[in-house]
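Trainee: Quick one: the structure is below, questions incoming.
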Amino acid sequence: MKSPPPPQLLTATVDTEKSGERLDRFLAATFPETSRARFQALIAEGHVAVEGEPVREARRKLKDGEKVAVELPAAKPAEPAAEAIALDIVFEDDDLIVIDKPAGLVVHPAAGHDSGTLVNALLAHCGESLSGIGGIRRPGIVHRLDKETSGLMVVAKTDRAHQGLSEQFASHGRDGRLEREYLALVWRVPERRRGTIDAPLARSSHNRQKIAVSRGAAARTAITHYEVEEQFGNIASLIRCRLETGRTHQIRVHLAHIGHPVLGDPAYGKGFSASRSGLTDKARDALAALNRQALHAAVLGFDHPVTGEHLRFERATPADMQRLLASLRIGA
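Residue numbers (the working numbering): 213 to 544.
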């Protein structure tokens, strides 16, 4: 049996400027390639010593001249299996990878989907280039797309990239670094050509698998800006949505909330099944062939968490949505 690689030893001496700083903050600033959360876990596990004595308190204040040592265990193998699944790679470097996720691909292994996911595919594609995020060799998922939503996703390959990207997604783009736009085909045409949907969301009390607009204590702020790009008579329209926040099912719930659910949405568009009668035969066939919500993550922009360069990517709607769009234009 192959023996595990030895742990890496990190050492540092506290200078006057850092005197009085918390241990976890000192380590995260001194070794930025490893996240503060990871250092907090290492401290709790007894892998950090100050002046040769193990310290298990992350908030322990340091003194000038103290020597700090960290035993950084080698990253454990990832638990999900690596699987050779084809990926549409838009951009990749040592720290992150941007992919155009096809509809039907689950992002992360879970009950009922323990294989065939994006994580399984990335483990095979990235291999040894993945660092130990949280101590495990795995891709860092900082945001998700629903299984049946297509489009752009960024995934971290290193701990430092994971930390930087997570911070940007946590701020929801309000600081100008993060940009997310989606294209959605919706039923009917909004009366206002552009607008903002500001409606808090929470888990539905009637169906825990669904999200609902809520004013309850558990509701979280959710804001979607939209603009009509194209309309097809009065039966449907193509809408561009810009996220100010990124909640689960946010666009799908918000558009249904204003009376314009996404075409093909099985969870939030069922009340509009009768609207299919207004479609041409070709459009009905294209919608049936789509067999999913007509939603695509078209634009993704962010600051590179390591280089600081602003990156922006745009991908057209996939072939199934293109066919539906073409059939709607013919019938409009």
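Note that CB positions come from ideal geometry on N, CA and C, so glycine has one too.
Does DSSP put Ile542 in a helix, a strand or coil?
Mentor: Here Ile542 sits in helix by DSSP.
Trainee: Do you know how far the Cα of Leu390 is from the Cα of His522?
Mentor: So the alpha carbons of these two residues sit roughly 9 angstroms apart.
Trainee: Could you tell me how far apart the beta carbons of Pro156 and Ser362 are, in whole angstroms, since I believe they sit closer than 8 angstroms?
Mentor: Nothing in the structure corresponds to residue 156, since the chain is present only between 213 and 544.
Trainee: For Pro473, I'd like the list of residues in its chain whose CB is within less than 8 angstroms of its CB, leaving aside the five on either flank, ordered along the chain.
Mentor: Within the same chain, Pro473 has close Cβ partners Val398, Trp399, Arg464, Leu467, Tyr480, Gly481, Gly483, Phe484.
Trainee: By DSSP, does Val318 sit in helix, in strand, or in coil?
Mentor: If DSSP states are grouped into helix, strand and coil, Val318 belongs with coil.
Trainee: Need the endpoints of the beta strand (DSSP E) that Lys279 sits in, please.
Mentor: That run of the beta strand (DSSP E) goes 279 to 284.
Trainee: If Asp307 sits next to Ala249, beta carbons under 8 angstroms apart, how far is it from one beta carbon to the other, in whole angstroms?
Mentor: 17 angstroms between Cβ atoms; not a contact.
Trainee: Could you say if the region 229 to 243 and the region 264 to 284 meet the contact criterion of at least three C-beta pairs nearer than 8 angstroms?
Mentor: Result yes; three or more Cβ-Cβ pairs closer than 8 angstroms.
Trainee: Ala495: buried (16+ other C-beta within 10 angstroms of its C-beta) or exposed?
Mentor: It counts as buried.
Trainee: Quick check: is any heavy atom of the ligand GDP less than 7 angstroms from the C-beta of Asp276?
Mentor: Of ligands this structure carries none, so the ligand GDP is not represented either.
Trainee: Mind checking if Ala240 is an interface residue toward chain B, Cβ cutoff 8 angstroms exclusive?
Mentor: The chain labelled as chain B is not found in the depicted structure, where only one protein chain is given.
Trainee: Look at the Cβ atom of Arg452, then the Cβ atom of Glu393, and state whether they are nearer than 8 angstroms.
Mentor: Cβ atoms of Arg452 and Glu393: closer than 8 angstroms.
Trainee: Looking at the unbroken alpha helix (DSSP H) that takes in Glu304, where does it start and where does it end?
Mentor: Not the alpha helix (DSSP H): Glu304 falls in the beta strand (DSSP E), residues 301 to 304.
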